[in-house]
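Enquirer: The structure under discussion is supplied below as structure tokens; questions concerning it will follow.
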Amino acid sequence: MQSAATSLSSLFATKPVVAEKRSSLGLRRRNIRIRRQMLGYVCISYFVDTLLLAIYAQSGALPWSIAPIYLGCGLAHALIFCLLYETRLGNLFSDPYLVVPQAIFGMSIMLGFAWLAPEAGFLFLCNLFIVFSFSSLRATAQETAVVWTAMATGLSILLLGSDKQIEIPLHTFTERVATLLAFVFTVGRCMFIGIFSSSLRASLYNKSVQLKEAYRRIEELAELDELTGAFNRRCIMRMLDDEVARAQRSNTPCSVALIDLDWFKRINDSHGHPIGDEVLRTFAITVFANIRNIDRFGRYGGEEFLLVMPETASAAAANILDRLRLIVAELDWSAFSSGMAVTISAGVAEMNPGEPPDALLARADEALYAAKEAGRNRVARA
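Take -17 as the starting number for the sequence shown in this note's numbering and just add one per residue.
Have a look at this one:
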């Protein structure tokens, strides 16, 4: 019993504020990790394109200057957004992933190089799919519309506003190999982005499940008494209202019992408050182990508890309480402190037709007072 009570106490000692701070810190770290991963993938993508441009340059399709300039622009892209991510400058934007600025920056590079080097323009146009796929990972519907509009505008300027001949290099075998690799790597990168998106969705789903479980635990803890694990007063009173209303609708009996631990102040004074807390926990665990699934048990205040017994008449309720009284009295309380004994008194009342919960409780309280006046360690019926 002690171990069960201790585990209940440690569970209820959870501090939601600390948990919330840890959750917020974990979320920030996760966002930083994802942003760094995305920038790493962007850099790798620029290196792959630079390699293909170098192959085209080797075959004579492009000037050699295009590849290093393109790589420099790509690394500048990654560096700029890395600085925004890692400094407070990124806080100036509402979107922590800077989806729209990154997409527009990347599209500007691709469209600019398609205009600058139209001999391999198809490579840069293919990369527009990659830019759009990356932006769609974190884009909202509004951001997607903005990126799509910017891409359509840029393409219109390139294809309709100039006489540039966007070509696919196929003149030599080397160019054909490079073009084949360009298509293969473009499709591969798009597939990789899909896999990355799938992993993000799976991670988000897992976080959602954990969050729901955390909310469930918080709601559960908000209904329980921290010391005993029984329902707290607010919760047990709500349950009493619900059961009385249900009994009145269905015309079934409903009884309640106010239970008091006899001479509990003496236990605290003689054996100490820690022992008194253990007595309360052990009593609550004992009651939980010996009541029905339909019964509702909560701490009414101090050493006083309320037991709501639906579908139970007064005589049956008194028998239940008398059995609980005997079980509590027969427990080996000396395990907590030598020579200690604990008994309970209870007042039982059955709901009268149309009787409100407050009046029912008042009659149970009068019965409890009568049990105490009669010498305690007994059950009295209203």
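All C-beta atoms in this analysis are idealised placements derived from N, C-alpha and C, irrespective of residue type, glycine included. On a predicted model such as this, the values are computed, not experimentally measured, just so you know.
When the Cα atoms are used, what is the spatial distance from Thr122 to Phe114?
Expert: 13 Å
Enquirer: Which runs of the alpha helix (DSSP H), 4 residues or longer, sit entirely within the segment 29 to 93?
Expert: 48 to 68
Enquirer: For Ile241, which residues does DSSP report across the bridge?
Expert: Looking at the DSSP output, Ile241 shares a beta bridge with Phe287, Ala328.
Enquirer: So Cys236 and Val226 are in contact, right, with Cβ under 8 Å, and what is the actual spacing, rounded?
Expert: 6 Å
Enquirer: Which runs of the beta strand (DSSP E) spanning at least 3 residues fall entirely within the segment 183 to 270, listed in chain order?
Expert: 236 to 243
Enquirer: If you run the structure through DSSP and keep just helix, strand and coil, what is Gly136?
Expert: helix
Enquirer: What's the call for Ser27, buried or exposed, on a 16-neighbour Cβ count within 10 Å?
Expert: buried
Enquirer: Going by DSSP, what residue range makes up the beta strand (DSSP E) through Arg363?
Expert: 361 to 363
Enquirer: Taking Tyr351 as the reference, give the member of Leu209, Ile241, Leu80, Phe29 with the closest Cα.
Expert: Ile241
Enquirer: Cβ of Val361 within 7 Å of any heavy atom in the ligand MN?
Expert: Among the ligands in the structure shown, none appear at all, so the ligand MN cannot be discussed.
Enquirer: Could you tell me which residues DSSP puts in a beta bridge with Phe279?
Expert: Leu289
Enquirer: Quick one: using the 10 Å Cβ neighbour count with 16 as the cut-off for buried, is Val159 buried or exposed?
Expert: So Val159 counts as exposed.
Enquirer: Using the Cα positions of Asn334 and Leu342, report the straight-line distance between them to the nearest angstrom.
Expert: 8 Å
Enquirer: Could you spell out the range, first to last residue, of the alpha helix (DSSP H) harbouring Leu308?
Expert: 296 to 312 is the span of the alpha helix (DSSP H), which, as asked, contains Leu308.
Enquirer: Can you tell me where the alpha helix (DSSP H) holding Asp145 begins and where it ends?
Expert: Careful: Asp145 lies outside any alpha helix (DSSP H) and carries neither H nor E.
Enquirer: Is it the case that the Cβ atoms of Val310 and Thr294 are separated by a distance below 8 Å?
Expert: Against a cut-off of 8 Å, the Cβ pair of Thr294 and Val310 comes out as no contact.
Enquirer: Is it the case that the Cβ atoms of Arg358 and Ser319 are separated by a distance below 8 Å?
Expert: no
Enquirer: Tell me which same chain residues have a C-beta within less than 8 Å of the C-beta of Ala39, skipping the five on either side of it?
Expert: Pro45, Trp46, Ile48, Ala49
Enquirer: Could you tell me whether the segment 264 to 271 touches the segment 279 to 299, using the rule of 3 or more Cβ pairs below 8 Å?
Expert: yes
Enquirer: Nearest to Gly280 by alpha carbon, out of Ala239, Trp245, Ile257?
Expert: Of the listed residues, the one whose Cα sits closest to Gly280 is Ala239.
Enquirer: Rounded to whole angstroms, how far is the Cβ of Ala164 from the Cβ of Leu107, which I believe are closer than 8 Å?
Expert: Wrong, their Cβ atoms sit about 10 Å apart, outside the cutoff.
Enquirer: May I have the straight-line CA-CA distance separating Arg307 from Arg360, to the nearest angstrom?
Expert: 7 Å
Enquirer: What span of residues does the alpha helix (DSSP H) with Leu343 cover, start to end?
Expert: 339 to 355
Enquirer: Check whether the segment 56 to 65 and the segment 84 to 93 are in contact - that is, three or more C-beta pairs closer than 8 Å.
Expert: yes
Enquirer: Indicate the three-state DSSP secondary structure (helix, strand or coil) for Gly103 in the structure shown.
Expert: helix
Enquirer: Which whole-angstrom value describes the C-beta separation of Gly56 and Ile91, a residue pair presumed to lie in contact below a C-beta threshold of 8 Å?
Expert: 7 Å
Enquirer: If we ignore side chains and look at the alpha-carbon of each, how far apart do Ile257 and Ile249 end up?
Expert: 8 Å
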